[in-house]
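Inspection log for the structure reproduced underneath, given as structure tokens.
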Amino acid sequence: MVVEEKKVFIRKINYYQLIYVKIIIEYYGRGVKDLGDVYHLSSTMEKDLTKKYELAWDKYSKEDLTNVFDLSERYKDFMSKCKTERECVKEFIVLAEKCGYKNLEEIIKNNKKLKSGDKVYANNMDKTLALFIIGKESMEKGLRILGAHVDSPRLDLKQNPLYEDTDLALFKTHYYGGIKKYQWVTLPLSIHGVIVKKDGTKINVVVGEEESDPVFGVSDLLIHLSADQMDKKASKVVEGENLNVLIGSMPIEDKEAKDRVRRNILKLLNEKYKIDEEDFVSAELEVVPAGKARDYGFDRSMVMAYGQDDRICSYTSFEAMMKMDKVDKTCVTLLVDKEEIGSVGATGMQSKFFENTVAEIINLTSNNYSDLKLRRCLTNSKMLSSDVSAAFDPNYPSVMEKKNSAYFGKGIVFNKYTGSRGKGGSNDANPEYIAEIRAMMEKHNVSWQTAELGKVDQGGGGTIAYILAQYSMEVIDCGVALHNMHAPWEIASKADIYEAMRG
């Protein structure tokens, strides 16, 4: 290779290829006959050493595509029916029992033992659910856990919600979780939840989902009178105290009565549900977008639904669990409440529900329960904390760093860490665990990608991962990428839904 030829070749290749050429000449020099051989070898080495996250769509056979779209139909059906945490837990229990799962309370009550292959579930106040498949190995060797949450941002009715103003009846609300308040005006809304009367009678409420049902809404100011409003910051355009839901305008017949429209609403509610105004105090009523989950896009490659954060991960985790049978280590799917407000309360991840349930199961699978066994079990466990990621949106590229963003169609997303501004409040997964997961994804041909939640110092978010990590178990965040996260209608790729279930 003459000097002039070297100069020409070097101008055509980048710095890293020069390194490859040096390696080639050093180790393979005798087999290199000309420039073509060197360039071919350097290009091959570069291809082998780089990582490119491919579109999952490109690997699918016709059978795979059928499975992708079949799963999405089941998922849409679930999302259309289940818009509160209670509705999710209720539906999951119905489906789990069809797959052979038994209520842990009944097993304890009947003083039965659990053995390898048994399937049980524990229901916490109808808002959190834990499903277990008992493994062949001792529980001291650890669990394999999938964890997601079933609560989503929404508007909750206040304890004394009903009032009348200028012959209109409205409900006062208090928003739940992080929302852009202006997104919730002028939408058709439905009301889901429960009312519990003083005698303990529980009344389930769903209004606004059937074609024959009325819907409700929060009004907005007409553009013609919005000069002052349009000058406000987006966070102040609609105030939280003004997210009042319009529910009626017709008065009762008694023209001498006060608050005639409000009284008419109470009359209608009493006729249908046998309740009075005081019963709102012991009610849990959630205002959510009305309507079914839908296909999104001409090619129907995406799903639009309310509450995909995080029911998309709850559902895929649940489906994956239902496909499992005999396992070596005990497997768990944990579906919890209150993540959107800090995982607090009796049904949040910070409660002792999960720890207590694991203790019960250890007691039912061994002859000599001890607290040390419980601690060993939790410490030796490994978890996938399943929560959604933000998908790169070409309409808003400035908040994302492209090389570390999630993209539609490229599979399940792994987040080594979440948090914000210096990883504050995050779980930071260990590289040993990440390497193990990489090998597993490759073995089963699962499409996956890695991401952060936006640019450094742009913002951030948290999950339940850090709570389980307090037991010293291995935990990593993973999930499905969304557009419109926390908006009334969120968007996801069907390919990503499928890969999340497989992963």
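Take the sequence shown: its letter number 192 is residue 182 in this note's numbering, and every next letter is one higher.
We put the CB at the ideal spot given by N, CA and C, even for glycine.
Looking at the DSSP output, W174 sits in no beta bridge, so it has no partner there. Under DSSP, H476 forms no beta bridge with any residue. Straight across, the Cα-Cα distance linking Y397 with V326 is about 27 Å. In the assembly as shown, Q149 is an exposed residue. Its beta-carbon has fewer than 16 other beta-carbons within 10 Å.
Secondary structure at D155: strand, using DSSP grouped into helix, strand and coil. With a contact defined as Cβ atoms closer than 8 Å, F68 and E81 qualify at about 7 Å. Here the region 234 to 250 makes contact with the region 152 to 163; the two share three or more CB pairs at distances below 8 Å.
Per DSSP, L256 has no beta-bridge partner at all. The beta-carbon distance between M115 and T337, rounded to whole angstroms, is 5 Å. This is short enough to meet the 8 Å contact definition. Secondary structure note for N346: its alpha helix (DSSP H) is the uninterrupted segment F343 to T355. Residues of the same chain with a CB within less than 7 Å of the CB of T320, apart from the 5 flanking positions on each side, are F122, I123, I124, G125, M129 and L133 in chain order. Less than 8 Å separates the beta-carbon of T306 from that of I487. Assigned with DSSP and collapsed to three states, L368 falls in helix. When V197, Y172 and G190 are compared, the shortest CA-CA separation from H182 is found for V197. Across the structure, Q173 and L233 are spaced so that their CA atoms are roughly 11 Å apart.
Within the same chain, G107 and I123 come within 8 Å of D315 by CB-CB distance, once the 5 residues on both sides are set aside. When DSSP states are grouped into helix, strand and coil, G450 belongs to the strand group.
Distances from the alpha-carbon of T191 to those of S272, N405 and K257 put S272 closest.
It is roughly 39 Å from the alpha-carbon of N370 to the alpha-carbon of S291. Taken in chain order, the unbroken stretches of beta strand (DSSP E) that lie wholly in the region 384 to 427 and span 3 residues or more are 402 to 405.
When secondary structure is reduced to three states using DSSP, A459 falls in the helix class.
DSSP places I302 inside the alpha helix (DSSP H), whose first and last residues are Q298 to M312. Here the region 466 to 485 makes contact with the region 385 to 402; the two share three or more CB pairs at distances below 8 Å. Taking all protein chains shown into account, T56 has fewer than 16 neighbouring C-beta atoms within 10 Å of its C-beta and is therefore exposed. Annotation: E442 to Y407 spans about 7 Å, alpha carbon to alpha carbon.
Listed as beta-bridge partners of Q439 by DSSP are V403. For L212, the closest C-alpha among the options K105, V227 and K223 is that of V227. For E274 and N101, the gap between their C-alpha atoms comes out near 34 Å. Under the 8 Å Cβ criterion, the region 460 to 468 counts as touching the region 361 to 378, having at least three qualifying pairs.
Rounded to whole angstroms, Q448 and A477 show a C-alpha spacing of 19 Å. In terms of Cβ geometry, V293 and A112 do not form a close pair [threshold 8 Å]. Here C367 has M129, E130, G132, L133, V348 and I352 as same chain residues with Cβ atoms under 7 Å from its own Cβ, once five neighbours each way along the sequence are excluded.
Under the three-state reduction of DSSP, D289 is assigned to coil, being neither helix nor strand.
Put simply, the backbone Cα of N260 is about 19 Å away from that of F206. Here the alpha carbon of K413 sits roughly 28 Å from the alpha carbon of V436. Scanning its chain for C-beta atoms nearer than 7 Å, with the 5 sequence neighbours on each side dropped, one finds around G90 the residues K109, in chain order.
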